[in-house]
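Asks: Okay, here's the structure, questions in a sec.
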DNA sequence: AAATATATTTTGCTTAGTCTAAATTATATT
DNA sequence: AATATAATTTAGACTAAGCAAAATATATTT
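Residue numbers (the working numbering), protein chains in the order written: chain A, 6 to 230; chain B, 6 to 230.
Laid out in structure tokens, this is it:
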């Protein structure tokens with residue numbers, strides 16, 4: 006089928022396309038994968054041959070339907086394995102990325118199916134990212150960065166933007182986790198930092214604007230705007 | 006660390022050493038891995054450089070202590086993953102080999118440890134093969150081929166020699182599985198075929214000598230010899 | 001519009017693993 | 001002991017993926 010390397014390129018291209026433009030550049034891919042632009046050009050030719058990307062010299066690349074399908078399948082596997090590692094094996098959410106990076110390349114349709122059943126048809130991974138369904142369809146929810154939420158709103162923490170270890174560790178340390186109900190108690194005008202009240206806790210938590218920007222939340226239906 | 010390919014060579018060499026001689030040949034490895042002897046020679050040089058095997062031109066190879074350690078670690082992972090696939094995901098024992106062949110190369114000490122805990126510190130895989138412990142020690146049990154058991158003996162089915170799909174399917178079809186108590190009701194003199202009585206079933210099962218040779222059993226303590 | 005800077009591709013070389021064909025060494029047979 | 005056969009290694013070539021340096025295309029300034 007496709008090699009690990011090809012799969013990694015497709016995933017990188019998919020992710021880059023997600024966060025912005027309709028066509029992406031050679032250098033952006035090289036940065037993402039920490040390779041050189043020259044290597045990327047080589048691979049783009051190959052993926053183009055295989056009709057997985059549409060590519061015109063000097064014009065940037067995008068995914069074809071079949072390339073997109075492959076990329077999504079890998080993301081699906083990545084997120085399912087991450088959830089497995091956290092839910093079943095008891096890993097912390099900042100530990101699972103590298104393992105999932107390997108596990109996502111295991112080839113077996115049936116394995117994915119069984120894993121999906123075993124995990125109870127989950128819709129989100131441990132970081133709150135949506136897991137595409139069997140047909141590669143995402144069912145996202147309408148989340149907003151906490152930084153855009155106004156004072157006295159009640160929200161639910163549904164995900165994070167930054168997936169880095171240090172950010173995730175920060176959240177763990179402050180006992181912030183997906184699913185929690187949060188009340189925005191106060192917002193400082195000068196630095197936009199926030200004071201939060203977490204449901205079920207009696208202490209309040211103070212977070213910077215930078216942290217708030219990286220927390221994704223869902224507004225409660227019965228909340229004040 | 007070591008590449009997938011290197012790991013596969015080490016595993017192959019380990020298995021070949023298990024089933025016989027103290028030194029094994031280039032061709033035997035090439036057959037096992039379905040490559041050419043020339044490729045094997047190249048790899049042997051490399052593994053020798055890395056002190057994973059001891060190799061003298063034209064004289065055959067064996068594993069060094071560190072090579073053996075690597076090989077056993079892979080076998081451990083292979084068997085743990087096989088058990089996971091069968092026990093947790095509900096695969097049949099004839100379906101899991103190819104997946105385990107991939108999963109055994111996932112690198113993460115911690116993952117193996119967690120998986121081992123999750124499975125409840127198992128000692129045998131779905132085929133009855135022993136799973137080496139954390140230190141690479143096997144704790145085998147004294148099994149015999151069913152073909153060597155005499156009439157009226159009571160035994161427990163603990164494993165199989167042939168791991169091929171067709172043999173495993175044959176066993177499934179006849180509802181033979183690891184752990185079952187078996188009484189050898191009769192042995193035909195002319196073809197050494199056997200009539201078995203499986204505990205908990207009321208029909209008897211007739212098997213060929215060939216099948217009996219590939220079934221590993223443990224004699225019951227309180228059995229007639 | 002020309003000059004410069006930046007991005008991209010081409011060229012040529014590297015490593016890992018594989019193969020075929022040829023050469024060499026070991027083993028078996030007369 | 002001589003020869004034939006089999007096993008093993010060497011030599012040279014191929015593919016996948018990568019990199020550095022050179023060449024070319026595109027973008028930005030002036």
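Note that CB positions come from ideal geometry on N, CA and C, so glycine has one too. All of these numbers come straight from a predicted model, not from anything done at the bench.
1. Just verifying my parser: in three-state terms, what is the DSSP assignment at residue 47/A?
2. Within 8 Å (strictly less), CB to CB, does residue 79/A reach chain B?
3. Give, in chain order, every unbroken run of the alpha helix (DSSP H) that is at least 4 residues long and sits entirely within the region 106-166 of chain A.
4. Work out the CA separation of residue 210/A and residue 33/A for me, nearest whole Å.
5. In the structure shown, what three-state DSSP assignment does residue 41/B receive?
6. Give a yes or no on whether 8 Å exceeds the smallest Cβ distance from residue 228/A to chain B.
7. Check residue 209/A in the structure and name its three-state DSSP category.
8. Look up residue 75/B in the DSSP assignment and say whether it is helix, strand or coil.
9. For the ligand NAD, I want to know if residue 93/B counts as a neighbour, meaning its beta carbon is within less than 7 Å of at least one of the ligand's heavy atoms.
10. Residues of chain B with CB closer than 9 Å to the CB of residue 96/A, please, in chain order.
11. What does residue 199/A reach in chain B if we use C-beta pairs closer than 8 Å?
12. Which residues does DSSP pair with residue 66/B in a beta bridge?
13. Determine the chain A residues that contact residue 6/B at a beta-carbon separation under 9 Å, and present them in chain order.
14. Give a yes or no on whether the C-beta atoms belonging to residue 160/B and residue 224/B are separated by under 8 Å.
15. Using the Cβ count rule (16 or more neighbours within 10 Å means buried), how would you classify residue 230/B?
16. Please classify residue 8/B: does DSSP put it in a helix, a strand, or coil?
17. Could you give the residue range of the alpha helix (DSSP H) that holds residue 216/B?
18. Return the bridge partner residues of residue 222/A from the DSSP annotation.
19. Given this structure, state the Cα-to-Cα distance separating residue 185/B from residue 58/A, to the nearest angstrom.
20. Do the region 8-22 of chain B and the region 38-50 of chain B meet, that is, are 3 or more Cβ pairs less than 8 Å apart?
21. Any beta carbon from chain A within less than 8 Å of residue 108/B's own beta carbon?
22. Report buried or exposed for residue 142/B, applying the criterion of at least 16 other Cβ atoms within 10 angstroms of its Cβ.
23. Interface residues of chain A around residue 111/B at Cβ under 9 Å?
24. Any idea if residue 27/B is buried or exposed, counting beta-carbon neighbours within 10 angstroms, 16 or more meaning buried?
Replies: Answer, in terms of the structure:
1. Helix at residue 47/A.
2. Taking Cβ atoms only, chain B never reaches closer than 8 Å to residue 79/A, which makes this a no.
3. As far as the region 106-166 of chain A is concerned, its whole alpha helix (DSSP H) runs of at least 4 residues are 114-123.
4. Whole-angstrom Cα-Cα distance: 37 Å.
5. In this structure, residue 41/B counts as coil in the three-state DSSP scheme.
6. Since pLDDT at residue 228/A reaches only 46, below the 50 mark, its modelled position is unreliable, and the value read off the structure follows with that caveat. Answer no: the Cβ-Cβ gap between residue 228/A and chain B never drops below 8 Å.
7. If DSSP states are grouped into helix, strand and coil, residue 209/A belongs with the strands.
8. The three-state reading of DSSP puts residue 75/B in helix, counting H, G and I together.
9. Questions concerning the ligand NAD fall outside what the structure shown contains, since it holds no ligand whatsoever.
10. Around residue 96/A, the beta-carbon contacts reaching into chain B at under 9 Å are 115, 116 and 119.
11. Within chain B, no C-beta atom comes nearer than 8 Å to that of residue 199/A; the closest sits roughly 35 Å away.
12. DSSP lists 29/B and 60/B as the bridge partner or partners of residue 66/B.
13. Against chain A, a Cβ distance below 9 Å from residue 6/B picks out nothing, because the smallest value is about 12 Å.
14. Cβ distance < 8 Å, so residue 160/B and residue 224/B count as in contact.
15. Legend: pLDDT at residue 230/B = 45, less than 50; position of this residue unreliable, no value from coordinates given.
16. Three-state result, residue 8/B: coil.
17. Start and end: 214-218.
18. According to DSSP, residue 222/A shares a beta bridge with 149/A and 162/A.
19. Rounded to the nearest angstrom, the two C-alpha atoms are 54 Å apart.
20. Short answer: they touch.
21. By this cut-off, residue 108/B is an interface position.
22. Residue burial is scored here from C-beta neighbours: residue 142/B has fewer than 16 other C-beta atoms within 10 angstroms and is therefore classed as exposed.
23. Simply 104, 107, 108 and 111.
24. By the 10 Å Cβ count, residue 27/B comes out exposed.
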